Amino acid sequence: DTAVSQTPKYLVTQMGNDKSIKCEQNLGHDTMYWYKQDSKKFLKIMFSYNNKELIINETVPNRFSPKSPDKAHLNLHINSLELGDSAVYFCASSQRKQGAETQYFGPGTRLLVL
Amino acid sequence: KQEVTQIPAALSVPEGENLVLNCSFTDSAIYNLQWFRQDPGKGLTSLLLIQSSQREQTSGRLNASLDKSSGRSTLYIAASQPGDSATYLCAVRRYNTDKLIFGTGTRLQVFP
Numbered sequence: 082d083t084a085v086s087q088t089p090k091y092l093v094t095q096m097g098n099d100k101s102i103k104c105e106q107n108l109g110h111d112t113m114y115w116y117k118q119d120s121k122k123f124l125k126i127m128f129s130y131n132n133k134e135l136i137i138n139e140t141v142p143n144r145f146s147p148k149s150p151d152k153a154h155l156n157l158h159i160n161s162l163e164l165g166d167s168a169v170y171f172c173a174s175s176q177r178k179q180g181a182e183t184q185y186f187g188p189g190t191r192l193l194v195l
Numbered sequence: 603k604q605e606v607t608q609i610p611a612a613l614s615v616p617e618g619e620n621l622v623l624n625c626s627f628t629d630s631a632i633y634n635l636q637w638f639r640q641d642p643g644k645g646l647t648s649l650l651l652i653q654s655s656q657r658e659q660t661s662g663r664l665n666a667s668l669d670k671s672s673g674r675s676t677l678y679i680a681a682s683q684p685g686d687s688a689t690y691l692c693a694v695r696r697y698n699t700d701k702l703i704f705g706t707g708t709r710l711q712v713f714p
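First to last, the protein sequences are chains A and B.
According to my numbering, the first sequence holds residues 82 to 195 in order.
According to my numbering, the second sequence holds residues 603 to 714 in order.
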């Protein structure tokens, strides 16, 4: 049983296109995240949603728009893709509670913009 | 601004050695610190989470310590095995935020 799943696993597309990445978690968590891992393997948070409400919005171009239809899903839509958007995008989830809020990560979506 | 650094960036050791991976952070006002493992082409797996009030956590051959005042954490791996080969990442979380700030990672290779 996959806890945090992402689709697609690989995405190759042309500059200027619009694409979406989907994330689903079956852990019953109330908080979900999108991270970007660049070519140097540095991992940085982009967005976070808690109970469908945006709570973290880092300095990310507004071409990136997250959408959370329900607590178990957090999708990432990217408009007008650029070469610099090529990276691995990770979805994660956690449950807010006092104490150990371990984040669980999905397998990643490898995006290549040509 | 919180910055997280990991040393060494890469490490290659023979099987059986005991290892210490280091993580340092510039702002000691952290809520917790997590160690993750990332295998090539895969996602992250949480290994250990230490709350700011704790000094260490253990899981099997792994032991993580935290010295908040000096801004340091270490991950100790006992009797390393080839299956331990991966990139190890530490991440800190501040109070009143869900945001994790990740370190630069240590790429570990354990050879037979």
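Each residue gets a CB set at the ideal place from its N, CA and C atoms; glycine is no exception.
A quick note: this is a predicted structure, and the numbers were derived from the prediction, not measured.
Within the stretch 109-171 of chain A, the runs of beta strand (DSSP E) at least 3 residues long that lie entirely inside it are, in chain order, 112-118, 124-131, 134-138, 145-151 and 154-159. By the criterion of at least three beta-carbon pairs nearer than 8 Å, the stretch 120-129 of chain A is in contact with the stretch 138-157 of chain A.
With fewer than 16 other Cβ atoms inside 10 Å of its own Cβ, Glu-134/A counts as exposed. In this structure, DSSP gives Pro-610/B a state outside helix and strand, which the three-state scheme calls coil. Apart from the 5 residues on each side of it in sequence, Asp-111/A sits with its Cβ closer than 7 Å to the Cβ of Asn-131, Asn-132, Lys-152, Gln-176 and Arg-177 in its chain, given in chain order. Under the Cβ criterion of 7 Å, Lys-122/A is counted among the residues facing chain B. When 8 Å is used as the limit between beta carbons, Ile-159/A is near no residue of chain B, the shortest such separation being about 20 Å. It is roughly 7 Å from the alpha-carbon of Asp-119/A to the alpha-carbon of Val-169/A.
Excluding the 5 residues flanking it on each side, Ala-688/B has same chain C-beta neighbours closer than 7 Å at Arg-639, Gln-640, Asp-641 and Leu-710, in chain order. The secondary-structure analysis by DSSP pairs Leu-702/B across a beta bridge with Arg-695/B. At a cut-off of 7 Å between beta-carbon atoms, Pro-188/A makes contact with chain B. Boundaries of the beta strand (DSSP E) around Asn-665/B: 664-669. Taking each of Ala-173/A, Leu-92/A, Gly-97/A and Gln-87/A in turn and checking the Cα distance to Leu-162/A, the smallest one comes out for Gly-97/A. Going by beta carbons, Glu-619/B and Ser-661/B fall outside the 7 Å limit. For Ser-174/A, the number of other beta carbons within 10 angstroms of its own is at least 16, and it is reported as buried. Contact annotation: in the stretch 688-699 of chain B, residues whose CB is within less than 9 Å of a CB in chain A are Thr-689, Leu-691, Ala-693, Arg-695 and Thr-699. Here the alpha carbon of His-158/A sits roughly 15 Å from the alpha carbon of Glu-105/A.
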